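According to the numbering used here, the sequence shown is numbered sequentially starting from 210.
For every residue, glycine included, the Cβ atom is placed at its ideal position computed from N, Cα and C.
Please read these numbers as outputs of a predicted model, since none were measured by experiment.
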Amino acid sequence: MSVEERRYSPKFNSPSADITFKSSDGIFFQIHRKNLEVCTEGFPPSDVVATKDEVVELTETSTTLELLFQFIYPQRHLALDTTPFDILYPLAEASEKYQVFPAMNICHIRLRDMVDEHPAEISVYAAKHHYPYLVSHVAPMMISMDPIKVAEILPPHLIVPWTRYVQEWTKVHQHTALVLWRNGRTHETGSSCESHANYENAWALFTCICMRRLGSGIQTLRALDEVFDVSQDWMSFKATFDHTYRATVPVPQCCQNDLAAWRKKIEDAIATIPKFSTFL
């Protein structure tokens, strides 16, 4: 391809540039080597000694490089606060690959803001590039995900650490969340339910409901609000068996107290689970 036939980046086509890069989709970028030396540690690769007329081919797309190269010049850097994940993630990977320090920092901050939507992918990024606090922050969210999907996304070297981490959650699920001293027949304090005599089995009703929800898997440990919300169940129960039912009648206080204690017991056990980073 002749110089005339090349498609150049509209932002990076300075005639004074002394090194030329080519993206994976065929766009050329003319860059000043001095800026690369000041702002990066791995750009260009150490085994590349290119002259002005030679071209260094890169594996990144022009979209990624167009953003990345903006971080090596003395100007106000991009905030990336509206950059979608499918563009931000490859930019973050490229900034780590080539050690573009100004981009590395803002990319990992923006990815941290996206952990709710992309926990598994960001966990891989954080583990790969040694952001232990981010790994530990994301890991609990992945407990809520389909385990098959997690296994498909995680790289091989994270499968064993992840399995050990999940085992800790499983212990809490089996030995704390699903265990009641009195099997739900009476309150954990040993007292009978304070509800009206016609509804003395209210506590048994609530334990059955919560046990059924918890029994669906360890992912429920990340959704305790839903697990212990029995207000609608109580309203349905009252409406079925009490013709004098009033919608304002609350869940019996004794049941509320035991539900809160049950939940706290689970939360306390979850708090003892080691951070995922300790398994790496």
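Sequence-distant residues of its chain with Cβ nearer than 7 Å to residue i (five each side left out)
i      : result
Phe389 : It is worth fixing the name first, because residue 389 is Leu in this sequence and not Phe. Here the set comprises Glu397 and Thr416.
Ile479 : Val381 and Leu430
Inter-residue Cα distance where the pair is residue i and residue j
i      : j      : result
Thr395 : Ala335 : 47 Å
Phe278 : Ser232 : 12 Å
Asp442 : Pro370 : 39 Å
Thr291 : Leu387 : 43 Å
Lys358 : Glu326 : 14 Å
Trp378 : Glu330 : 21 Å
Glu305 : Val265 : 19 Å
Val436 : Leu423 : 7 Å
Cys402 : Met444 : 17 Å
Met350 : Leu287 : 29 Å
Gly426 : Gln376 : 12 Å
Glu263 : Ala301 : 27 Å
Local Cβ density within 10 Å of residue i, reported as buried at 16 or more and exposed below that
i      : result
Ala293 : Reading off the sequence, residue 293 comes out as Pro, not Ala. Exposed, since its Cβ has fewer than 16 Cβ neighbours within 10 Å.
Leu363 : buried
Ile281 : buried
Arg421 : exposed
Arg285 : exposed
Ile368 : exposed
Coil, strand or helix - residue i by DSSP
i      : result
Val264 : strand
Thr229 : strand
Ile240 : strand
Pro365 : helix
Phe252 : coil
Tyr340 : coil
Cβ shell of residue i (< 6 Å), same chain only, five flanking positions each side left out
i      : result
Ile236 : Arg216, Ser218 and Ser271
Val347 : Val324, Pro328, Ile331 and Ser332
Phe230 : Phe238, Val265 and Leu267
CA nearest to the CA of residue i, picked from the options
i      : options                           : result
Gln465 : Asp295, Thr487, Val359 and Ala413 : Ala413
Pro483 : Arg373, Phe310 and Thr385         : Arg373
Arg472 : Ser486, Phe446, Ser440 and Asp434 : Asp434
Sequence-distant residues of its chain with Cβ nearer than 8 Å to residue i (five each side left out)
i      : result
Ser203 : Residue 203 lies beyond the stretch modelled for the chain, which goes from 210 to 489, so this question has no answer here.
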